[in-house]
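Heads up, the thing below is written out as C-alpha cells.
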Amino acid sequence: MSGSNVAIEVDDVVDMGYTDITDANGQFDISYTIDEFLDVFTSHKIEVIVTDTEPGGPGSEVEYPHFYTIFVNATSNFYIDSVSSDNPSVAKLTGENFNIVGSINFDNGQGIPFASVNYYWFDGVTIISQGSNVTDISVH
1 MSGSNVAIEV
11 DDVVDMGYTD
21 ITDANGQFDI
31 SYTIDEFLDV
41 FTSHKIEVIV
51 TDTEPGGPGS
61 EVEYPHFYTI
71 FVNATSNFYI
81 DSVSSDNPSV
91 AKLTGENFNI
101 VGSINFDNGQ
111 GIPFASVNYY
121 WFDGVTIISQ
131 GSNVTDISVH
C-alpha cells in the first residue's frame, strides 16, 4: 500500500505528531520519542494506523496484524532511615504493628510522589501478610 498516510497510536490514542507516508513497498519509518510523563508502571500498546479517509472510515479496509507492547521503567531507590526513632531496630513478631519511615527516589535524587509501595511479610517462603501504601507529596 504505497502513498498511505500513517500515524503512531499509543494506548488507542492517535498521535499525529508522529506520521509518515508509506513508500512503494508499503514501508514507513517513524522515529518515536517516549513521552517523559508516560506511566512507567504499566505496559503500553504501540501501533501504526492508516489515517487516510476511505469508504467506511480511516483505515477500515486495512488489516492490522501486528502491534507492539512496550514495557518502560525507571530505576528507583528505596531508602529507609536507619537512625529514625520511628523505624524498628529489632525483629518484629507476626501480627505486630510497626511503621517504616523512608523515601523513594529516582537515580537523580528526585522523589517519586504518589508511588504505590507493595509490601509482603514472609515466614520462610510463605507470604503471611501483604498490602500497599502510597508515598505522599514529600515522597515518604
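The opening residue of the sequence shown carries number 1 in my numbering; numbering runs sequentially from there.
Don't be surprised by glycine CBs; every beta carbon is placed ideally from N, CA and C.
Chain D contact for residue i (CB, 7 angstroms cutoff)
i	result
Trp-121	Any reference to chain D falls outside this structure, which holds one protein chain only.
Neighbourhood of residue i by C-beta, 7 angstroms cutoff - its chain only, sequence neighbours within 5 removed
i	result
Asp-29	Asp-20
Phe-114	Val-134, Thr-135
Thr-22	Met-1, Ser-2, Gly-3, Ser-4, Val-6, Phe-28
Residues bridged to residue i (per DSSP)
i	result
Asn-5	Ile-21
Asn-118	Ser-132
Ser-103	Tyr-79
Asp-123	Thr-126
Asp-15	Ile-8
Ile-137	Looking at the DSSP assignment, Ile-137 forms no beta bridge with any residue, so it has no partner.
Gly-111	Asn-105
Ile-34	According to DSSP, which records beta bridges pairwise, Ile-34 is partnered with nothing at all.
Nonlocal neighbours in the same chain, by C-beta distance under 8 angstroms from residue i, ignoring five residues either side
i	result
Thr-69	Ser-43, His-44, Lys-45, Ile-46
Asn-25	Ser-2
Distance between residue j and residue i (C-alpha atoms, nearest Å)
i	j	result
Ser-31	Asp-15	12 angstroms
Asp-107	Glu-61	47 angstroms
Glu-63	Ile-112	41 angstroms
Gln-110	Val-13	29 angstroms
Ser-138	Val-117	14 angstroms
Thr-126	Glu-36	38 angstroms
Closer than 6 angstroms: residue i CB and nearest the ligand FMN heavy atom
i	result
Lys-45	Among the components of this structure there are no ligands whatsoever, and the ligand FMN is therefore not found.
Proximity winner among the options, relative to residue i (alpha-carbon distances)
i	options	result
Val-10	Gln-27, Ala-24, Leu-38	Leu-38
Tyr-119	Ile-137, Ser-2, Ile-100	Ile-100
Gly-131	Trp-121, Ile-112, Gly-111	Trp-121
Gly-95	Asp-123, Val-40, Gly-109	Asp-123
Beta-carbon spacing of residue i, residue j below 7 angstroms
i	j	result
Ile-80	Gly-102	yes
Tyr-34	Tyr-18	It is Ile, not Tyr, that sits at residue 34 in the sequence shown. For Ile-34 and Tyr-18, no; Cβs fall outside 7 angstroms.
Ile-49	Phe-78	no
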